[in-house]
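Quick look at the structure:
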């Protein structure tokens, strides 16, 4: 049986970190940090200023954060641990955005 974890935060500033398998993380009301980990995870931030962390080899994670937020910096997507190519597809009720980042290829003389 595949491992599945459901982690639910409260109204404080939560740091939720998924484990192996496909996890669901729900931040709650504070300024949350959500770390999916291995597997294909679903991340819900909540009304605070949330940070979503990603790294190589973690699978495909989805972010759902429907709360209306004011001001810059309401969401932070942290890709600092990603060394491989990166593809992001964002879908809201008004737009679709895809971001791709390819690392420079090493040249051999």
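Numbering (this note's numbering), first residue to last: 615 to 723. The beta carbon of each residue, even a glycine, is placed where N, CA and C say it ideally should be.
Please determine, among 671, 695, 643, the residue with the shortest C-alpha to C-alpha distance to residue 663.
The sequence position of residue 663 within the chain shown is 49, counting from 1. Nearest of 671, 695, 643 to residue 663, Cα basis: 643.
Is it right to say residue 686 is buried, meaning 16 or more other beta carbons lie within 10 angstroms of its own, or is it exposed?
Position 72 of the chain shown, counted from the first residue, corresponds to residue 686. Here the model assigns residue 686 a pLDDT of 49, short of 50, so the residue's position is not dependable, and the following value carries that caveat. Answer is exposed; the Cβ neighbour count stays below 16.
Measure how close the beta-carbons of residue 696 and residue 669 come, nearest whole angstrom, since I'm counting them as under 8 Å.
Residue numbering aside, residue 696 sits at position 82 when the chain shown is read from its first letter. Residue numbering aside, residue 669 sits at position 55 when the chain shown is read from its first letter. About 6 Å; that satisfies the 8 Å criterion.
Could you check the C-alpha separation between residue 692 and residue 629 for me, to the nearest Å?
Stepping through the chain shown from its first residue, residue 692 is reached at position 78. Stepping through the chain shown from its first residue, residue 629 is reached at position 15. Between residue 692 and residue 629, the C-alpha separation is close to 14 Å.
So what does residue 675 bridge to, in DSSP terms?
Taking the chain shown and counting its residues from 1, the one referred to as residue 675 is at position 61. Paired residues: none, contrary to the question.
Would you report the Cα separation of residue 622 and residue 671, rounded to the nearest angstrom?
Residue mapping note: residue 622 aligns to position 8 of the chain shown, counting from 1. Residue mapping note: residue 671 aligns to position 57 of the chain shown, counting from 1. In a straight line, the C-alpha of residue 622 is about 24 Å away from that of residue 671.
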